[in-house]
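> So the sequence shown is numbered by my numbering: it starts at 3 and just counts up by one.
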Amino acid sequence: MLNKYLLRNQKNIKKNRMFKALKYLFTVLYLLNLTSCSDVDNEDKKTVFRYNEHTNISSLDPAFAKNQSNIWVVNQLFSGLVQLDDSLKVQPDIAKSWTISADGKVYQFKLRNDVFFHKHFKFGKDSTRKVIASDFVYSFNRLIDKQVTSPGGWVLKNIQNYFAQNDSTFVITLKESFPPFLGLLTMKYCSVVPNEIVDYYGNDFRSNPIGTGPFQFKLWVENIKLILRKNPIYYEKDSNNIQLPYLDAVAITFLPDKQSEFMQFIQGNLDFISGLDASYKDELLQKDGSLNTLYNSQIKMHKTSYLNTEYLGFYLNKIDGKEPVHELIRKAINYGFDRDKMMLFMRNGIGISAKHGVVPIGLPSAKNVIGFNYDIQKAKNLVNEYQQLTGDFNPTVTVATNSQYVDLCEFIQREVQKIGIKMNVEVVPPSTLKQAKATGKFAIFRGSWIADYPDAENYLSLFYSKNFAPDGPNYFHYVNKQFDQWYEKSFTITDDVERNLLYKKMDSLVMDSAPIVPLYYDEVLRFTHKNVNGLGINPINLLNLKRVKKN
């Protein structure tokens with residue numbers, strides 16, 4: 003009897019599991035079809051912009067806008083005091099104007115009076131309320147609240163204090179002058195959030211966002227679908243006094259495979275894709291970087307400079323008692339491979355050969371910095387000098403990289419072999435590389451630096467001696483007293499031209515001892531269908547959908 007009972011019970015368990023699985027499957031299929039239903043799509047002549055996020059999204063809370071996937075969606079939902087245009091100029095947003103004190107330390111922002119949070123029942127009778135200066139006090143406090151554990155707290159590290167002078171005036175005082183500060187405030191970390199809603203949801207605010215952006219939250223089934231709807235009370239208008247945004251909705255999918263993403267785009271199920279992936283680069287692009295003529299009637303390609311420098315970095319301290327890579331070898335590697343050839347064959351011409359310093363093309367100080375051109379004879383001479391100096395006639399180095407950049411590292415490996423350097427390539431998982439880079443475990447590592455804000459200081463901070471990793475971005479443990487003096491002096495210079503001249507000197511000084519091998523300055527690459535207009539493109543690759551139209 004007991005055995006029959008157990009057998010029957012097991013069958014019931016299996017039936018329940020099957021029922022739950024089928025229920026989940028039908029739910030997923032229903033949610034996947036939401037964007038093709040009359041609720042959001044063409045049946046009601048509504049326009050929906052669709053894109054895929056293959057790296058997933060971890061939070062819709064601006065306090066956790068730490069990577070591009072989070073930043074892109076947070077930018078649609080939230081706004082802050084100021085914003086960047088596509089030319090990287092700081093423009094008003096919720097702050098309609100501002101003043102800066104003569105010493106560059108006190109910033110006073112005057113707020114618009116027509117900015118309202120997305121509607122939510124916690125706001126009471128009117129279901130919304132106007133943004134006031136104290137909302138920014140609350141939002142900034144969250145960034146430095148240890149219980150929130152926001153990765154964006156560093157943005158406020160140079161702030162002495164901030165307060166609401168009244169409902170329409172927000173004041174920030176810095177510890178010391180910092181000319182790029184307005185650019186720093188454009189980061190999505192600095193978005194305004196309502197205390198009532200955050201307090202109500204607690205940690206679940208990550209999946210129940212209420213902001214002031216052009217789109218508002220509708221639905222998120224994690225790893226499957228995210229839907230945003232047009233914010234009907236958004237405050238910005240275009241030059242013809244038409245309220246933004248033009249789109250009715252945004253639908254985001256989460257296909258993890260870039261090849262599948264590309265196929266969905268070609269089939270018309272996605273409106274745009276961003277970047278270049280090995281799985282489709284030769285299909286979509288010709289060797290010179292232009293669009294494959296097969297797609298000219300279907301696709302538009304957009305390209306601009308990207309504030310992203312790809313490099314090989316050298317750890318300049320000993321590792322387990324072993325000396326770091328010698329300066330002569332570092333310079334020999336820099337001279338010993340043809341960056342133009344690498345870009346043509348490895349990247350289909352997308353990107354600019356990094357023959358200058360760490361600061362990428364797209365920022366004013368990047369021009370005329372002394373860097374490294376391809377010079378095989380000079381590279382051989384440096385290797386020979388190293389051999390005579392050290393007695394090491396078989397110099398060998400190892401480069402750590404993740405799988406995405408193996409082809410680039412193997413290209414360099416083959417090239418520097420011609421000048422007498424044996425280079426091994428060690429492939430490690432991205433998480434391992436990140437951790438080891440921060441703790442000085444690899445003598446040479448592949449890295450990149452994408453600008454947090456559009457100022458060369460952001461790149462030069464990588465070489466400031468007080469920024470040693472893991473507490474800062476100086477992964478190389480580079481130390482130069484002259485550089486530190488210039489870096490600190492740059493904070494006191496408010497004139498952009500004068501400051502950029504100093505930046506050039508600092509970048510050239512770093513390159514003189516070659517703590518890195520700049521590989522290329524990346525480019526933003528976007529592909530859209532012909533019926534998409536107004537997407538725009540910018541050097542920080544920020545996705546801004548409020549002016550997008552679909553025909």
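The beta carbon of each residue, even a glycine, is placed where N, CA and C say it ideally should be.
(1) Using CA coordinates, which residue listed in N160, K551, A65 is at the minimum distance from V200?
(2) Leaving out the 5 sequence neighbours to the left and right, which residues in its chain are closer than 8 Å to M345 when beta-carbon positions are compared?
(3) Run through the DSSP bridge pairs and tell me what N54 is partnered with.
(4) Can you tell me the Cα-Cα spacing of N197 and D409, whole angstroms?
(5) Check the C-beta distance from Y407 over to Y376 and give it rounded, since I have them as a contact under 8 Å.
(6) Quick one: what does DSSP say D454 is sitting in, helix, strand or coil?
(7) Once DSSP output is grouped into helix, strand and coil, what is the label at V519?
(8) Given a cut-off of 8 Å on the beta-carbon distance, is the pair K190 and I102 in contact?
(9) So, helix, strand or coil for Q162, using DSSP?
(10) Check this for me: beta carbons of F447 and L462, under 8 Å apart or not?
(11) Quick one: residues in its chain with C-beta nearer than 7 Å to the C-beta of I2, no 5 flanking neighbours on either side, listed in chain order?
(12) Of all the beta strand (DSSP E) runs that stay within the bounds of the segment 517-553, which reach a length of 3 or more residues?
(13) Between L554 and L547, how many whole angstroms is the CB-CB distance? I'm expecting something under 8 Å.
(14) With H, G and I counted as helix, E and B as strand and the rest as coil, what does DSSP make of R131?
(15) Would you mind listing the alpha helix (DSSP H) stretches within the segment 442-507 that are 4+ residues and don't spill past its ends, in chain order?
(16) What did DSSP end up calling R144 once you bin it into helix, strand or coil?
(17) Does DSSP classify V157 as helix, strand or coil?
(18) Are the CB atoms of T175 and N163 nearer to each other than 8 Å?
(19) Let me make sure I understand the geometry here. Which of P94, V76, I539 has the alpha-carbon closest to that of E238?
(20) Per the contact definition of three or more C-beta pairs closer than 8 Å, is the segment 495-506 in contact with the segment 257-273?
(21) Identify the residues that DSSP records as bridge partners of Q245: which are they?
(22) Taking DSSP's pairing of strands, which residues face T101 in a bridge?
(23) Counting along the chain, where does the beta strand (DSSP E) carrying L86 start and finish?
(24) In three-state terms, what does DSSP make of V512?
(25) Mind checking who H304 pairs with in its DSSP beta bridge?
(26) Which word fits L544, buried or exposed, when buried means at least 16 other C-beta atoms lie within 10 angstroms of its C-beta?
(27) Which same chain residues, not among the five before or five after R549, have their C-beta less than 6 Å away from its C-beta?
(28) Just mark L527 as buried or exposed, buried being the case when its beta carbon has 16 or more other beta carbons within 10 Å.
(29) Where does the unbroken beta strand (DSSP E) through V92 begin, and where does it stop?
With the given structure in hand:
(1) Out of N160, K551, A65, A65 has the C-alpha closest to the C-alpha of V200.
(2) G351, I352, G353, I354, S355, Y522.
(3) In DSSP, N54 forms a bridge with T255.
(4) Between the alpha carbons of N197 and D409 lies a gap of roughly 49 Å.
(5) Your pair Y407 and Y376 does not check out as a contact, with CB atoms roughly 20 Å apart and the cut at 8 Å.
(6) Coil.
(7) Correct three-state label for V519: strand.
(8) No, the Cβ-Cβ distance between K190 and I102 is not below 8 Å.
(9) Strand.
(10) Taking 8 Å as the Cβ cut-off, F447 and L462 do not qualify as a contacting pair.
(11) Residue 2 is absent from the model: the chain starts at 3 and stops at 553.
(12) Correct list: 518-531.
(13) Residue 554 lies beyond the residue range present for the chain, which begins at 3 and ends at 553; the question has no answer from this structure.
(14) Here R131 sits in coil by DSSP.
(15) Fully enclosed alpha helix (DSSP H) runs of 4 or longer: 459-462, 483-492.
(16) Correct three-state label for R144: helix.
(17) Three-state result, V157: helix.
(18) Taking 8 Å as the Cβ cut-off, T175 and N163 qualify as a contacting pair.
(19) Ranking the options by Cα distance to E238, first place goes to P94.
(20) At 8 Å Cβ cutoff, the stretches do not touch.
(21) In DSSP, Q245 forms a bridge with K239.
(22) The partner list for T101 (beta bridge, DSSP) reads Q110.
(23) Residues 84-86.
(24) It is helical.
(25) Answer is R528.
(26) Label assigned to L544: buried.
(27) Once the five neighbours on either side are set aside, the close Cβ partners of R549 are G536.
(28) So L527 counts as buried.
(29) Annotation for V92: the continuous beta strand (DSSP E) segment containing it runs 92-94.
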